[in-house]
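Numbering (our numbering), first residue to last: 153 to 775.
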C-alpha cells in the first residue's frame, strides 16, 4: 500500500515541477512510511513520485519501476492478489522477472497487454503508467474504488496523486470551491466522482481508465458490475456451496502478506464470516480487533468477543467515547474535502490501535451492497408496496394538509415521498437535504446553485436507478455499488486506515463474489429475520446460530444520542453559533438553529445533517 503522485507535460519545452512532486510525496508520507522513490523521463516529459508501505517483497518492490528498455514507467498503489498466478503465466510465456513483487507483475502485464491488463487483475489498485512509446499517460482505478486517485488536467500538463490534499495543497493556482460538489456533500454525505470539492480537480471514478496525451484526455470503463452479472442457475444449497468456494478463495488470496495480518471483527454477519474463513486458513494464531461504545444500542463488542472466543482468535477490544470527536480535525485534514460518514471516526480509532499490532487487516465491507443488507432496501420495498395499495386520491388529499405543527410536516413529507415515482422515491430516501429543506437551510450562492441545478442530485440518483435492469432490490444494489460504495465507504476505509499506515483488504468486495451476489434471486437475500439468509446459512457452518441471529447493528457512531443530550449536546449549540458556518455565506443561520432545536426536542432525527455540518465547519476552519 502506498501513496503515488506524478505529472506529465505535453507542451514542447515544458517539464513537470519536480519540487512540487517531492512536496506532494511528502504530504503522503503516512501512506508510505517505509521508503520513497522518484523517477523522471530522460526526455523530461514525465515524472513520478512514490511513498511505500512494504507488504509484499519488502526488499525488491521499490517504485517507480521501469521496463528494461526504459520506455514504460509504473507507479502503483494497492495489491494484486493473484500476482503469483499471473507471474506463473507470464513466466510460461518466456517473461523474465527481476523481483518477486506484484508491482513487477503489473509492469510486465502492461508490457504484454497494454491497458487491457486491468481486466486480468484481482485486487485493489490505483496506478499510473507513462508509455513513452505512445507518449501517453494511463491512469487506472480498481473495479469498486478501493484505492483513490485524483487528477488535475491543466492546459499543457496533467498532475495526479493518491490524495486530494497532495494536489490541492501544492497547487500554485487558487482553486474555487465547487458549489455543486458542496451541495452534493450536504445532500448525500459525500462528493460523488468525478467531482471533488475543488473546481479543476477530479476523482477518477471506480472501474475507469483515463488516457492522457497531447491530443487530449479520454476515459473509458474497464468494468461495470451489471454487464458482468449472470443469473445463478441452481438451488439455494448450491448457492451456499458456491459462495463458500468463492469467499474462501477471496480470503486466502488476501492472506498473502510478508507482514503481520489480522481482522476487524464487529460481531456482525459479514466480518464474522470473513474472520471465520481466515481463522481456518491462516498460518499461526488469528488476530482480531473491535471497537465498543458505552451506548448499548450501538455497541457490538460483546458479540465480537463471543465470536472471537468460539473461533479461538486472540482478540482486542478498544473503546470509543464522545471524546473521539477530538479525532475530527485530523480526519477532515486527511480527507481534504467534507466527508459525512461518522463511522470514519470509529474506523480511525480502531485502525490507530490495530496498527500497533499488525500492518494488514481483513474487513467485512461489501456484504450489505452485495447481499442486500441495508435497512433502506427494505424501507424502499415497503414504500413500493404501500404506494400500489394507496389510492391516488388519498395522496392528493394528504398533500392539501396545511400547518406548521411537527405532525403536519411529517405527514406532508411522507405523502410527498410516497407520491413520487419509483426512481425518484429511491433517490429521495437517500437524500439528507431535499429541495424544500434546501430553501430554509441554504443561502447565497449555494442556494442559487441548487436552484440552477434543477433536480440535481435527485435526478442523478433517479437516472442511475432507471439505467439498471432487474428488480427494485437489484437496481438499488447496483446504484450503491457504483456510487455509495465507491465514493463513500471505500474512501472512509482508505483514509481512516492509511492515516495510520494500515492496509485494509475486503474479501466480500472481490469482483467474483460481487458478480455472483448480484446474480442471485431476491428471495435468497431478504427474509423476515434481518436479511442475508444466504450469508447466515454459510456462517452457520462456522458458528452457532445464537451468535449471529439477532437484529442488525450498523457500524456507526452514536451521534443521534450525543447531539441530543448530556455534555456532548453542546456540539449542537456550537453549530448554531458557528462563525465559520455563518460567515461562509452559504447557510441560513435561522435554518441551522431550527435543525438543532428540532433534534434536541426529539421532533426529528437530524443527527446525520448535524454531523455533516460539523464536518463542514471543521473543513472551513482548515481552509
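Every residue, glycine too, gets a C-beta built ideally from N, C-alpha and C.
Own chain, CB closer than 6 Å to residue i, minus 5 neighbours either side, in chain order
i: residue 771; result: 484 and 490
i: residue 503; result: 648, 649, 652 and 654
i: residue 400; result: 429
i: residue 768; result: 490
i: residue 365; result: 287 and 288
i: residue 674; result: 623 and 625
i: residue 156; result: 202, 227, 229 and 314
i: residue 568; result: none
Buried versus exposed, by CB contacts within 10 Å (16 or more), residue i
i: residue 402; result: buried
i: residue 661; result: buried
i: residue 759; result: buried
i: residue 250; result: exposed
i: residue 519; result: buried
i: residue 729; result: exposed
i: residue 575; result: buried
i: residue 482; result: exposed
i: residue 538; result: exposed
i: residue 635; result: buried
i: residue 688; result: buried
i: residue 494; result: buried
i: residue 216; result: buried
i: residue 621; result: exposed
Nearest candidate by alpha-carbon position, reference residue i, set the options
i: residue 534; options: 566, 517, 523 and 514; result: 566
i: residue 295; options: 725, 624 and 665; result: 665
i: residue 640; options: 600, 163 and 336; result: 336
i: residue 333; options: 308, 175, 272 and 608; result: 608
i: residue 298; options: 642, 672, 767 and 694; result: 642
i: residue 739; options: 773, 499 and 590; result: 590
i: residue 279; options: 529, 269, 287 and 350; result: 269
i: residue 395; options: 747, 667 and 679; result: 667
i: residue 592; options: 413, 677 and 747; result: 747
i: residue 487; options: 569, 753, 301 and 331; result: 301
i: residue 393; options: 756, 669, 683 and 744; result: 669
i: residue 293; options: 228, 311, 319 and 233; result: 228
i: residue 245; options: 232, 253, 261 and 254; result: 261
i: residue 220; options: 243, 233, 236 and 247; result: 247
i: residue 782; options: 419, 405 and 281; result: Given that the chain is displayed from residue 153 to residue 775, the structure contains no residue 782 and the question cannot be resolved.
i: residue 236; options: 406, 413 and 318; result: 406
i: residue 283; options: 165, 200 and 163; result: 200
i: residue 389; options: 618, 742, 699 and 693; result: 693
i: residue 762; options: 775, 725, 737 and 731; result: 725
In DSSP terms, what residue i is bridged to
i: residue 293; result: 278
i: residue 229; result: 278
i: residue 218; result: 225
i: residue 443; result: 470
i: residue 303; result: 312 and 354
i: residue 329; result: 350
i: residue 345; result: Residue 345 pairs with nothing; no bridge assigned.
i: residue 360; result: 373
i: residue 154; result: 204
i: residue 416; result: 441
i: residue 160; result: 198 and 310
i: residue 190; result: 201
8 Å CB neighbourhood of residue i in its chain, flanking five on each side removed
i: residue 346; result: 354, 355, 356 and 357
i: residue 360; result: 292, 293, 371, 372, 373 and 374
i: residue 480; result: 497, 766, 767 and 770
i: residue 382; result: 667 and 671
Residue-level contact to chain C via CB, residue i, 8 Å cutoff
i: residue 655; result: This model lacks chain C altogether; it includes just one protein chain.
Same chain only: Cβ atoms within 7 Å of residue i, ignoring 5 sequence neighbours per side
i: residue 529; result: 625 and 628
i: residue 181; result: 203
Ranges of the alpha helix (DSSP H) found wholly within the region 614 to 682, counting only runs of at least 4:
624 to 631, 642 to 650 and 663 to 670
Extract the residue ranges of the beta strand (DSSP E) inside the region 470 to 538, only unbroken runs of 3 or more that lie entirely within it.
512 to 514
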